[in-house]
C-alpha cells in the first residue's frame, strides 16, 4: 500500500508550485481515495498561481481529474448513477461540493451560485487533514457529497480530460441557453471553452457552427478537428464590425445567429456578440469568469433587437455527469485524444509553461507515474 | 355627416405641427372611420417632431387614441375579440400593423420585430389617401388588419389613454419577462413606462415593487397613486452604488431583486440595474427605445451572477388587447384618471409644451371637440 | 417551563386519534420547540386516519401549523428569510424536509419529488424521540432543516391556517404552470385547493377566474369571498359536456380557457378540463393526490388542441415561504379569517366530524389552549 | 411546354383514385408551377381515401412533394430563405398555408392550429382553377404564401421524401418538447413518425434513444438504419407493464426516460408512455392524429410524478424549412435513401397497396415520369 503521495502545492502566490509529500489517509465514511491518472491543467490554474482569484494557501492544485478508485470508505458502494464501485474502477468527479443550505442551494436551486462551495484544487487547504485535495497528485481524497461516476465504457482518461472543466462548463451553459435543432450558433473564442462549445453545440443539434477566434494555430487545430462549418480569424479580420458582417453574411437571410456563445473572457466580445445575434436571438455570456472591468455596450441594441443576454456560471455535479455521458458521442465525431499532451507530475513547470504559451491544446499531468 | 376633419400635421422636422383639414373618405372593405375622443401625447412625439427618429413627412401625428366608431367599411362587423361593432361604440386600436410576410412575422413569430410595420401617427404619409392616419385629428381612418377592440364595460377614454402606449409596451415586456407570484420587482424610471411597469407588475402578482426614479414631482404622483411599496429618489441618492445598496437592503436576505425593469432610456441605468438583480435574476431592458450610444457595462457580473438580461421592443396587437383587458383591474387599484390632462386639438402646442416640461403626467388632445 | 405536552396520536388506522401526553424535550442544535397556536385539519388527515395513504403508526397528527417560538436550540438564530428569531415570535413552517441527497433532490432539483421526505404529522413516528412531531399538540419539535419563517407583520395564525396546505400546494402549482397577466383561468373544484387556486390565480394576474364546483354551500362561501368572476355549479349543470359549453361561452371568442386548474381529486375532471382548455392551453393537474384509478381520456384532443397537461405534486420549503409572503396580499382581497373555525385540542373528534361533513370551510385545533 | 398534366384524383370516398388530365395554367403573381419529381404516399392518404377525415371531393391527392421549378409567376424571385429561384431548381414546400387572420394565427401565434389552413392534396378542390393542387401529378400549382425552399446542396428528392410529412411533424414536436443534450428519449412507435422521431431526437442531442414498436420487419429496418440504442418489440413483450419495466431498466438509476415521444396513434400508448417517464419527465403526444376515442389514463400518475404531457399538432412552414435544413445532417447518419420505393404515377394503386401492407418503408410516386 502507498503510504505517502506526492502532490503539487501552491504555497505563495507568484511562486512556482512544488511537489511535496503527504501521508495517505484512510477514507472516512462515504469518502474515497483515488489514484489519479491524469490531472488537467486549466487556464484558471495560471490565474490561481498568480493570485488573481481569491483563494487560501497552501493548496494542492488540480481541479480536473481522472483516476482509479484506490480505496472506498465505509458505506460508499455506488457512483452517482447508481452503479456499483470497486477498487480499480476508472472514475471522474465534479470539482465542487455546494453547501446545500444557502439561498442559492435551497431557494434558487442553483448550486453553481452557492457562495460556500468547496472546490478541489482551489479552496481546500493543504495544511489540514486530509491534505490531498487536488488532482495534481498521486492520490486525491474525495469527500462525501462529491459527484463521482465511473467513466463510460470504452472511454479513457485522456478523452475525459481533453476538454477539462470547459466541458461541464459548456454543458451548464447549454442548460441556461439550450441549442435548438437546426440553430445557427456562433462561438466566440477558440480556447478550451470555445472548442468545447463548438463540439457540444453540434452534439446538441446545431445546424451550423461558426467559430470566431484565433490565433492561427488554434484555428488550425479547430479545423483539423472539424469543429465548425465556418471560421472567422480575428487576427485576419481585425475590425469587430467586419467580423459581425462576416458572420451575418453566413446566416440565413443575413439575419444573424440564433445563438452566440461568448467564450473569450474579453469584455469587448460581448458587444461584438450582440451584433452577431439575430433579432430575438440569444447571447450566452459564458466566458467572463474573471473581472476584467466594464466595456462599452449599447443597450439600445438589446431593446431594439429584443435579445436575450444570458450569463452562465460554473457547473454542478449534474452538469459533470451529463458531460461524462456525452464524451462517447463527442469522441465519435471529434478526435479528443488529439488535444492532450501529458507530462510527469514532476514536470509541472514545463506543463504550465507549455499551456501558457499555447504550445499544446491541453496539458495534463500523469500524476500516478513515478519517473 | 362630417365632410372634413381637422388633423395635426408635421410637415418639417423641428417646426411646430399645425392643424390642417382633410376630406373624410369613405372606408373601404374591412376598414373604418373613428371619431377620435382622445389622442395621447407621448414622449416619442417630441422625438418625432425633432426629427430624431426615421420617418417620412408629412404625417398626421398621434399613435395613441380612443374614439367612437363613425363608419364601418363593408364586411367589418366584429372587433378583434369577436364582439359585434356598431357606430357609436367606444374603441381603441393598436398603432401598428405588421406585414405578415417577413422573417420576423412568419418565422420568428415576433411581429413587433417586423421591419415593415405601418404605424399610425408615425410612418403613414399624410399626403396620400386616406390622409387621416393619426389620432391627433377629428377622424382617423383605420385600415384592414388593425387590431381594434371595444372598450371594456364601464371604461372611458381617459382611463385607456392614461398609460398611453406605455401600457401595451409593458404588457409586451411582461411577455418577455413574466412576473412570478411574489417576485420582488425593481422599476427603474418614474416616467410613463416606469409608472405602467409598476402598476402592471403589481397586477401580475409582484410581492414587492420598488420604484427608483425622479424627480420629486413624479415620485409624488407615484406615491399618491400608491404605485410601489418603496421609493428611491435618484435626485436624493445620486450615487448609483448607493442606489444599488438601498435596493438590496430592501430585498429578502439582501440578495437583490428577482426582476429589474429598466424603463429609463438612460443607458447607464442598465449597469445599475445589473447591480440590483439577485443571483439568477432578470433585468428587462425595456426603456432603451432611442439609440443613446454605448455605456460601460461589466459583463463579468452577467456571468458571475448568472443573470438574464432581456430586451423587449414595442408591442403587438395581442399585447394591446391584453392591455385593454387589464384596464378595469388597473382602475380598481390605481386612480388612472388622475394622470390625464386634456387639451383641445387646437392647443396642441400647449399640450406638447406641458408634456415636455413634465407639468402634467399625461397630456391628451380632445380631438373631437370644436372649440 | 412546560414539562409535558398534549398531542393527538393516531395509533391504529380506522380508530379515533386520541390525546396523549409526552415529555417536552430540549431542542438540539439547529432545532426548536414551538408552542402551537393553531393546527389545521386537512382533508388528507381523514385519509390518513382511514389508512388510505402509506404511513407508519403511531404518529402525532397535524401537518399544518402556526405557533410561537418556545425555545430555540443552540445555533438557531435566524429564520429562512434571514430575520432574527426570538422566543415568542409567531412562526409557520413547511411540513416536509427533503433528503437532499437523492436523484430528485440533487439532479432533478425538484425536492417535492424526494421519496424520503420526512413530513411532520405524517411519517415521523411518535414512539421515537422527540415524539412531538405533529401540530395537533401543545408543542411541536422542529428539526434542523425545517423551513421556518416569522409571520409577515400584522398577520395572525388564523389567516395563515385559512388555506392550510392548499395554499403552498397551489403556489407550487403556479411554479409549474404560471398564470400570465390577463389569463382566463378555470378552477375545477370548490374545496380547499380550488379556493386557494382561485385566490392565488387572481393574485397572480388572472384576468378572469371561472370556478366550477359545488355543492351550493361551498359556492355560497366562494361567492361571499368573491373568489371568481363566474361560477358553474356542478350539481346544477350535471352533464360535463354542458359544463364545458358553459365555460367556453364565458371565454374570449368562445375559445376556452388559457389555463384550467384541476383541483378536484376526481379523475373524470381531467377529461372535462381538457375540453375547457383553449387551443395551445394548459391544464394543471393539481388535485389528483390520491390514486383513484384510471379514467377515460381522449388523447386525440391533447394532440389536436396541442395542449399542455402538467402535473404538480406537493410543495417545497420555498413554496411555503412564498405562500406566507402572499398572505398579506390575499388578506387585502379576501376575508381569510371568515374561513376558519377553531376547536380546542380535546375536541379533535368534533373538528374532524365537522370538517368531513363540510359544516365548516376550514377547521383548526387551538392547540396551545388548556380547557 | 407541357400543355396538360396528369394528376391522381379522388372523386369518391372508398373508390380508387384515378389518373386524370388537366390543362396546365400559367402561374399568377407570386405563384409557381412545379414539375413534380416525387410525391410521397403517407398513411394519411389511406385515411383520406377511406373518407375517415373531413375533406371535400374531388381533390388531387399528394401532400408531400419534391420537384423542379417549371415556371415562376411574376414577382416570385426568391425562396423562403431568400435565395434566388430559377427554372429547374429542385424545391420542396410546406403542404399548408395558414389564413394569417384567425385567433390561432394572430393571437396564439400557432399557425398549425389555424382552422382555415389550405392544404395541398387534402382540402383544395380539383374541380376549381387551378386544379393541380396535389403532388401526385406531373405538375403542381403552388399559390402565393407557400413556404418553398430550394433543396440543400447535394440533397435529392428521395432523401427529402424519405421521412415524408413525418419529418416536419417531428420537427414541430421538438419545438413543443425540445430534446436537451444527453436526454434519454423513448420513442413509442416504429412507423414513419416514430422513425423520424428517433432520427431527429438523436440529431437534437439525445444521449440514448429507446425504440418501442413493431412488427419485426419494421424493427429490422430500424436496426439496419441504427435508429436507436435499444429496442423493445411490442409483439414480443406484449404486456404494457413489462414494456414499462424494460424501458425503465435501461435508464439511469431506473428512473425512466427524460422524454417519451408517443408516435403510435394507438390511444393506450399514452398511458404506457406515462409509465415510462421519469419523475418530472415529459410525454409528447405526437401520434394521436385521428380520433380513436378515449382510453383509460390514471391522472394520479401525472400529479404524483409531476409530468408534463404535451400535445403537438401538424407543422408550420418554418418547421418545414427547419426539416429541410436538417436533411443533410440526417443523411450523414442514416441511410435515408434506403427507405424509399418509387412507383410510376400510373401505378398509384400498387403504391397504396404496398404502403398499406407495410411491404415498403416509404412509397413515393415518380410523378414526372411518363411510362
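Chains as they are written, first to last, in this note's numbering: chain E, 1 to 371; chain A, 372 to 742; chain L, 743 to 1113; chain X, 1114 to 1484. Think of the CB as a built atom: it goes at the ideal place given N, C-alpha and C, for glycine as much as any other residue. Since the model is a prediction, treat every value here as computed from it, not as a measurement.
Counted as a single uninterrupted DSSP element, the stretch harbouring residue 883 of chain L is not any alpha helix (DSSP H) but the beta strand (DSSP E) occupying residues 881-884. The count of Cβ pairs closer than 8 Å, one atom from the segment 673-680 of chain A and one from the segment 519-527 of chain A, stays below three, leaving the stretches out of contact. Annotation: residue 279 of chain E to residue 1430 of chain X spans about 19 Å, alpha carbon to alpha carbon. Using a Cβ-Cβ cut-off of 9 Å, residue 1413 of chain X counts as an interface residue toward chain L, since at least one Cβ of chain L sits closer than that to its own.
Taking 8 Å as the upper bound for CB-CB distance, residue 1252 of chain X and residue 1147 of chain X are in contact here, some 7 Å apart. Close CB contacts of residue 825 of chain L within its chain, under the 7 Å cut and outside five residues either way in sequence, are with 892 (chain order).
Proximity of residue 1219 of chain X to chain A, defined by a Cβ-Cβ separation below 9 Å, is satisfied. By alpha-carbon distance to residue 1305 of chain X, the top candidate from X/1220, X/1248, X/1156 is X/1156.
Secondary structure at residue 627 of chain A: coil, using DSSP grouped into helix, strand and coil. Ranked by Cα distance from residue 1233 of chain X, the options X/1222, X/1173, X/1291 are led by X/1173. In this model, residue 1121 of chain X and residue 1163 of chain X are separated by some 15 Å (Cα to Cα). Closest in C-alpha terms to residue 999 of chain L, from the list L/1033, L/1050, L/1030, comes L/1050. Residue 1236 of chain X places its beta carbon 9 Å or farther from that of residue 1036 of chain L.
Buried is the label assigned to residue 1424 of chain X, since at least 16 other Cβ atoms lie within 10 Å of its Cβ. In this structure, DSSP gives residue 330 of chain E a helical state, which the three-state scheme calls helix. Non-local beta-carbon contacts of residue 684 of chain A in its own chain, meaning distances under 7 Å to residues more than five positions away in sequence, involve 483, 484 in chain order. The CB of residue 920 of chain L comes closer than 7 Å to the CB of 549, 551 in chain A, given here in chain order. Residue 936 of chain L counts as buried, since no fewer than 16 other beta carbons sit within 10 angstroms of its beta carbon. Annotation: the continuous beta strand (DSSP E) that includes residue 1039 of chain L extends over 1037-1039. Counting only runs that start and end inside the segment 163-237 of chain E, the alpha helix (DSSP H) elements of at least 4 residues fall at 166-176, 192-203, 216-225. Closest option to residue 221 of chain E, judged by alpha-carbon separation, among E/343, E/339, E/200: E/339. Close to chain E, meaning a Cβ-Cβ distance shorter than 8 Å, are the following residues of the segment 1422-1445 of chain X: 1435, 1438, 1439, 1442.
If you draw a straight line from the Cα of residue 1448 of chain X to the Cα of residue 1338 of chain X, it comes to about 6 Å.
The Cβ neighbour count for residue 1057 of chain L, taken over all protein chains shown within 10 Å, is at least 16; the residue is labelled buried.
In this model, residue 902 of chain L and residue 1065 of chain L are separated by some 9 Å (Cα to Cα). A contact is defined here as three or more CB-CB pairs under 8 Å, and the segment 87-100 of chain E fails this definition with respect to the segment 1372-1381 of chain X. Interface annotation, residue 675 of chain A: in contact with chain E, CB-CB separation under 9 Å. The beta-bridge partner set that DSSP reports for residue 1003 of chain L consists of L/929, L/1026. DSSP lists X/1118 as the bridge partner or partners of residue 1135 of chain X. Going by DSSP, residue 65 of chain E is part of the beta strand (DSSP E) stretching over 64-72. Nearest to residue 217 of chain E by alpha-carbon distance, out of E/239, E/189, E/155, is E/189.
Residue contact check for residue 624 of chain A against chain L: a CB pair falls below 9 Å. Annotated as proximal: residue 922 of chain L and residue 575 of chain A, with beta-carbon spacing under 9 Å. The segment 118-162 of chain E is shown to contain whole alpha helix (DSSP H) runs of 4 or more residues at 157-161, in chain order. In the structure shown, residue 96 of chain E falls within a strand segment according to DSSP collapsed to helix, strand and coil.
Selection L/765, L/747, L/769, L/782 evaluated against residue 1104 of chain L yields L/782 as nearest (Cα-Cα).
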